[in-house]
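Read the structure below first, then the notes.
There are 2 protein chains.
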Amino acid sequence: MTRHGESARTPVPTLKEIADVAGVHASTVSRALRPTRPGREPSAEVRRIRALADEMGYRPNFIAAGLRTQRTRTIGVVIPRLADGVIASLCQAIEATATAAGYQILIATPPDEVEPQLRSIDLLQDRQVDGLLITSLHLGHPEMLARMRASGVPTLAVNRTGNDSITAVTADDRTGGRLATEHLLELGHRRIGIIAGPRHASTAWRRTLGYRDALTRAGIPVDDQLIVHTDFEVEGGIAGANLLLDLPEPPTAIFAVNDTAAVGALGVARDRGLRIPDDLSLVGYNDIPLVGQLPVPLTTVRSPAAEVGVSAVEQLLLGMSGGEMSARTLPVELIVRGSTTGR
Amino acid sequence: MTRHGESARTPVPTLKEIADVAGVHASTVSRALRPTRPGREPSAEVRRIRALADEMGYRPNFIAAGLRTQRTRTIGVVIPRLADGVIASLCQAIEATATAAGYQILIATPPDEVEPQLRSIDLLQDRQVDGLLITSLHLGHPEMLARMRASGVPTLAVNRTGNDSITAVTADDRTGGRLATEHLLELGHRRIGIIAGPRHASTAWRRTLGYRDALTRAGIPVDDQLIVHTDFEVEGGIAGANLLLDLPEPPTAIFAVNDTAAVGALGVARDRGLRIPDDLSLVGYNDIPLVGQLPVPLTTVRSPAAEVGVSAVEQLLLGMSGGEMSARTLPVELIVRGSTTGR
DNA sequence: TTGTAAGCGTTATCAA
DNA sequence: TTGATAACGCTTACAA
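Residue numbers (the working numbering), protein chains in the order written: chain G, 662 to 1004; chain S, 662 to 1004.
See the structure below:
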């Protein structure tokens, strides 16, 4: 049982209370408390007021200030699938960068579907956020964008992008998909299955485009049977791998567009008695910390989740200060480990 | 490049603007818009005003309302280590429960150290949050609690607890640690190492207490060499496993107080040519989705992260509505898989 | 049931 | 540089 400060609490003083004690007007205190501009020494009076405010435990009320200034120093973040470690890393980087710049983040983590995300956008805008980040735009749903823009606050797509011309900060998913596939091609694989994730996610979609790029360049026709769309979870990986391995002519290698699904595929291989990499080569995507430690460590593509978050906030800060935001595509890197071999 | 609504945006109308169009006073609109109490039909006038507000695209300004009502309908959440999937699941559950109750969450994810967390608490309180959740209290640091209570808003510890009498919602870590250890004892292990996580985290600490409980009950003296404190990351698991396996008399089984560290230990076993479970039994903690799919699936303890989050928000909502919050300890479950065997 | 008016805690404008 | 005053958009006594 907890008492929560029914009486123990000293209420936070207001500007007016400081002013009364200091014998000046509230507006004077407000001015004294705002940062002296660099290169200028604060006057004795300013120092006196600051010391008093400090002593009285003054803390500015952001709500009140925000009402007046129309700025809340808050960034809204719509970020579904937070339970995924990659997304959570992205979120952490966003928060850290925002905090360092004096902003706080208001997060909404609705289901990764259009309607719930639209509702989240509305809710955040009702809170008068100064900028908006959305990590899970859906392809083919321009209304998400329209809704974000309706508010008039700077708005940026992170991680995923939409079809339209929204500014986005993403990793280079298409190149990543190509690198993964080229690696398998170089090892001699010709039937390469892909657990391609959801169609609405540009990340998954572009990794799949990269897969097609690689095959096309190598002069290998794309067999649509080898492309199975699922979700990003372990279960999706399991379902996808089962579909691929049940084909009349199953693939000799599988590229899963995220590590979590790759681990699902790993479970399927285990249950079917397939050895990795001898019977089946497997490539993941993201390089989550765990996959390097597996008995057969996973070949994967390292995607810079944290850097994407940092860069996105930097762009958004730029936009919020009236600048022009610009798109960023961050480089990825193939990490070859033990789960792939030649045939 | 993005234009962000320099002109395209229709500014959100204020209450006063609705009132002017409706030919009534703003306060009338305010009243018309507040929910009719259940069982009462809204009058024709109320319906007319609501329809108009809807048509004009009215959205209440939470900032302004909050200033007046002194309630922001916002819950502050201090949640370090968000990149960890378990913590992220907790966060997601907190967000979902809060949103369903009409609250939004403001999150801070500082480093898992005392000072940064104190700063985060201050920042959230400056935003006038209505309640505060902290997921990473440190043992032996009553000042964290004191700081939280200073605000006078209901405050709850989640996941971890402190030494003092703060109300906390946690999983039953001590029992979990005991179950894991008893399982190994029943298999005949007598030298059981524990990768015990950080000392400041009550979760890790209590799982370790459970380990001690089990040994004591079995009449086996606790060998402090077998208890290595690390962090919760993969690297910690690697370091811990190396320390344990380098002992003159190494353990035949290792209990890692979280799955991530257990996977680190898995990597060490691989590198040392130790087969799991034949040469070394391994137990993790949390049952993250991946560990069930490993070639040798991991025996672990399932800890209800999402339920902890839901329950915490429920208690906090209770506290925020003037009720008495009470502590909750949610049950855990041992999941026996292939990574443990008798000797 | 409706309108009036005050006020939440700040900041911006203006005059002194 | 300072003080007075208004305003941000809303809610809520209180009066009509």
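For glycine and all other residues, C-beta sits at the position ideal for the given N, C-alpha and C.
No experiment lies behind these values; they were computed from the predicted model shown.
Beta-carbon gap between residue i and residue j smaller than 8 Å
| i | j | result |
| --- | --- | --- |
| Leu991 of chain G | Ala818 of chain G | no |
| Val895 of chain G | Pro950 of chain S | yes |
| Val889 of chain G | Leu904 of chain G | yes |
| Leu751 of chain S | Val952 of chain S | no |
| Pro699 of chain S | Pro741 of chain S | no |
| Leu793 of chain G | Leu785 of chain G | yes |
| Val690 of chain G | Thr733 of chain G | no |
| Phe723 of chain S | Asp787 of chain G | yes |
| Gly980 of chain S | Pro815 of chain S | yes |
| Ala762 of chain S | Leu978 of chain S | yes |
| Val775 of chain G | Gln976 of chain G | no |
| Ile755 of chain S | Val974 of chain S | yes |
| Gly746 of chain G | Ala744 of chain S | yes |
| Ala926 of chain G | Ile856 of chain G | yes |
| Val682 of chain G | Arg720 of chain G | no |
| Leu800 of chain G | Ser863 of chain G | yes |
| Leu846 of chain S | Leu955 of chain G | no |
Cut-off 6 Å between Cβ atoms - residues of its own chain near residue i, not counting five sequence neighbours on either side
| i | result |
| --- | --- |
| Arg873 of chain S | Val883 |
| Val707 of chain S | Ala693 |
| Gly858 of chain S | Ala865, Phe893, Val918 |
| Leu779 of chain G | Arg808 |
| Lys677 of chain G | Ala687 |
| Gly727 of chain G | Thr733 |
| Ser668 of chain S | Confidence in Ser668 of chain S is poor, its pLDDT being 35 and thus under 50, which makes the residue's placement too unreliable to answer from. |
| Ser781 of chain G | Val739, Ala769, Pro771 |
| Ala930 of chain G | Ile937, Leu941 |
| Ala841 of chain S | Phe916, Val944, Val962 |
| Arg835 of chain G | Arg867, Leu870, Gly871 |
| Asp773 of chain G | Pro741, Arg742, Ser797 |
| Asp783 of chain G | none |
| Ala759 of chain G | Ile736, Ile766, Val974 |
| Ala680 of chain S | His686, Ala687, Val690 |
| Ala988 of chain S | Thr828, Ala829 |
| Gly897 of chain S | Thr891, Ala922 |
| Pro703 of chain G | Thr697 |
| Gly999 of chain G | Val957, Pro958 |
| Arg670 of chain S | Low per-residue confidence applies at Arg670 of chain S: pLDDT is 48, beneath 50, and the placement is therefore not dependable, though the value from the model is reported in the following sentence. No residues qualify anywhere along the chain. |
Own chain partners of residue i with C-beta closer than 8 Å, once the 5 adjacent residues on each side are dropped
| i | result |
| --- | --- |
| Pro803 of chain G | Gly823, Asn824, Asp825 |
| His844 of chain S | Val944, Thr960, Leu995, Val997, Thr1001 |
| Val993 of chain G | Ala832, Asp833, Asp834, Thr836, Gly837, Leu840, Val962, Arg963, Ser964, Pro965 |
| Gln886 of chain S | Leu908 |
| Leu876 of chain S | Thr842, Leu846, Ile853, Pro882, Val883 |
| Arg860 of chain G | Leu800, Trp866, His890 |
DSSP bridge partner residues for residue i (one or two, in chain order)
| i | result |
| --- | --- |
| Glu994 of chain S | S:Arg963 |
| Ile915 of chain S | S:Gly854, S:Leu943 |
| Leu765 of chain G | Looking at the sequence shown, residue 765 of chain G is not Leu but Gln. In the DSSP output, where bridge partners are listed per residue, Gln765 of chain G has G:Thr735. |
| Leu935 of chain S | In the DSSP output, where bridge partners are listed per residue, Leu935 of chain S has none listed. |
| Ala818 of chain G | G:Ile795, G:Ala829 |
| Arg989 of chain G | G:Val830 |
beta-carbon residue i near the ligand GTP non-hydrogen atom, thresh 7 Å
| i | result |
| --- | --- |
| Ile740 of chain S | The ligand GTP is not part of the structure shown, which contains no ligands of any sort. |
Same chain only: Cβ atoms within 7 Å of residue i, ignoring 5 sequence neighbours per side
| i | result |
| --- | --- |
| His850 of chain S | Thr913, Ala914, Ser942, Arg1004 |
| Asn731 of chain G | Correcting the residue identity first, residue 731 of chain G is Gln in this sequence and not Asn. Closer than 7 Å at Cβ, skipping near neighbours: no residue. |
| Ala900 of chain G | Thr891 |
| Leu935 of chain S | Leu941 |
| Val971 of chain G | Ala754, Thr758 |
Which residues, in order along the stretch 848 to 864 of chain S, keep a beta-carbon less than 8 Å from a beta-carbon of chain G? none
Would you list, in chain order, the members of the stretch 738 to 770 of chain S that have their beta-carbon closer than 8 Å to a beta-carbon of chain G? Leu743, Ala744, Asp745, Gly746, Ile748, Ala749, Ser750, Cys752, Gln753, Glu756, Ala757, Thr760, Gln765, Ile766, Leu767, Ile768, Ala769, Thr770
Mind listing which residues of the stretch 709 to 741 of chain G have their C-beta closer than 7 Å to chain S's C-betas, in chain order? Arg720, Pro721, Asn722, Phe723, Ile724, Ala725, Gly727, Leu728, Thr733
Mind checking the stretch 907 to 930 of chain G against chain S and listing, in chain order, the residues whose C-beta falls within less than 9 Å of any C-beta there? Asp920, Thr921, Val924, Gly925, Ala926, Leu927, Gly928, Val929, Ala930
Select from the stretch 876 to 903 of chain G all residues with a C-beta closer than 9 Å to any C-beta belonging to chain S, and list them in chain order. Glu894, Val895, Glu896, Gly898, Ile899
Report the residue ranges of all alpha helix (DSSP H) runs contained in full by the stretch 686 to 756 of chain S; include only those spanning at least 4 residues, in chain order. 687 to 694, 705 to 716, 723 to 730
Give the residues from the stretch 784 to 803 of chain G that approach chain S closer than 8 Å (Cβ to any Cβ), ordered along the chain. Leu784, Leu785, Gln786, Asp787, Arg788, Gln789
Name, going along the chain, the residues of the stretch 941 to 961 of chain G whose beta-carbon falls closer than 9 Å to a beta-carbon of chain S. Ile949, Pro950, Leu951, Val952, Gly953, Gln954, Leu955, Pro956, Val957, Pro958
Taking only runs that begin and end inside the stretch 821 to 901 of chain G, name each unbroken beta strand (DSSP E) of 3 or more residues, in chain order. 829 to 832, 853 to 856
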